[in-house]
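In this note's numbering, the protein residues as written are 214 to 456.
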């Protein structure tokens, strides 16, 4: 086994996987920090070696120190050389961690940070799909990410519509409508039950919000616009079930 991987496994194996005490967590973190800083001369890790190690030890690999030291540099090298094996592995890391698609400590997010955001998560997914249009891992990532963004965009109803963390603007709406189309396409592509309520709500509220923004002087707020135009809505305090 590669020495870098061997040393990492040795440290992690020195502690039980769960329920570490605070002193134990502190000790493990200190040991991993030293491992992360250590220079390994003449040690090169291939994407294949990382994949094998990850498959055997997935639970201990979901760690920002391991990801930053082992995974990110090799994927960056592979990508700069025109390879796609690194990207395939990057999205495959979500298998078994399906609740972490938007986790800021995921390998995908940490890789974007490692590259100083030269790449964005969606951009990387699209790059991989251009090379391998049937890559299920990238398709699943986009599906779950879009579902979250759509849900989040209307979670403050009837106050307004969000585009990311900010209020949506008039010029944002066309791209947001395309996101709905892509989400529906991905649902069918993955043979996933269609979230019809979510899709219909977004298709109803997005154009309405654009019209409201173009007519601000006529309405006290968006809720008044919805009522005066007989557009049905449900308050975010009693949201629809979008599962």
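Think of the CB as a built atom: it goes at the ideal place given N, C-alpha and C, for glycine as much as any other residue.
Keep in mind the model is a prediction, meaning the values are calculated, not measured.
field: Contained alpha helix (DSSP H) runs [length at least 4] in the segment 266-333, N- to C-terminal order
entry: 271-274, 285-293, 298-305, 320-327
field: Outcome for residue 337 when other beta-carbon atoms lying within 10 angstroms are tallied against a minimum of 16
entry: The residue labelled residue 337 in the question sits at position 124 within the chain shown. Counting the other Cβ atoms within 10 Å of the Cβ of residue 337 gives 16 or more, which makes it buried.
- prompt: If you pair each beta-carbon of the segment 395-411 with each one of the segment 347-367, do three or more pairs fall below 8 Å?
  reply: yes
- request: Quick one: using the 10 Å Cβ neighbour count with 16 as the cut-off for buried, is residue 219 buried or exposed?
  value: In the chain shown, residue 219 corresponds to position 6, counting from 1. Answer is exposed; the Cβ neighbour count stays below 16.
query: Near residue 298, what residues of its chain come up, given a Cβ to Cβ distance below 7 Å and the 5 sequence neighbours on each side ignored?
result: Position 85 of the chain shown, counted from the first residue, corresponds to residue 298. Only 260, 291 meet the Cβ criterion.
task: On a CA-only basis, which of 264, 325, 316, 328 is nearest residue 302? Give me that one, please.
output: By 1-based counting over the chain shown, the position of residue 302 is 89. Checked all of 264, 325, 316, 328; the closest Cα to residue 302 is 264.
- prompt: If you draw a straight line from the C-alpha of residue 344 to the C-alpha of residue 446, how long is it?
  reply: For the purposes of this step, residue 344 is taken as the residue at position 131 of the chain shown. For the purposes of this step, residue 446 is taken as the residue at position 233 of the chain shown. In a straight line, the C-alpha of residue 344 is about 41 Å away from that of residue 446.
message: Please state the DSSP three-state secondary structure of residue 457.
response: Outside the displayed range of the chain (214 to 456) lies residue 457, so it cannot be described from this structure.
message: With a threshold of 6 Å on Cβ separation, who are the neighbours of residue 377 within its own chain once the five nearest residues in sequence on each side are excluded?
response: Within the chain shown, numbered from 1, the residue matching residue 377 stands at position 164. Excluding residues within five positions, none has a Cβ falling inside 6 Å.
message: Restricting to runs no shorter than 4 residues, where is the alpha helix (DSSP H) found entirely within the segment 343-419?
response: 349-366, 386-402, all fully within the segment 343-419.
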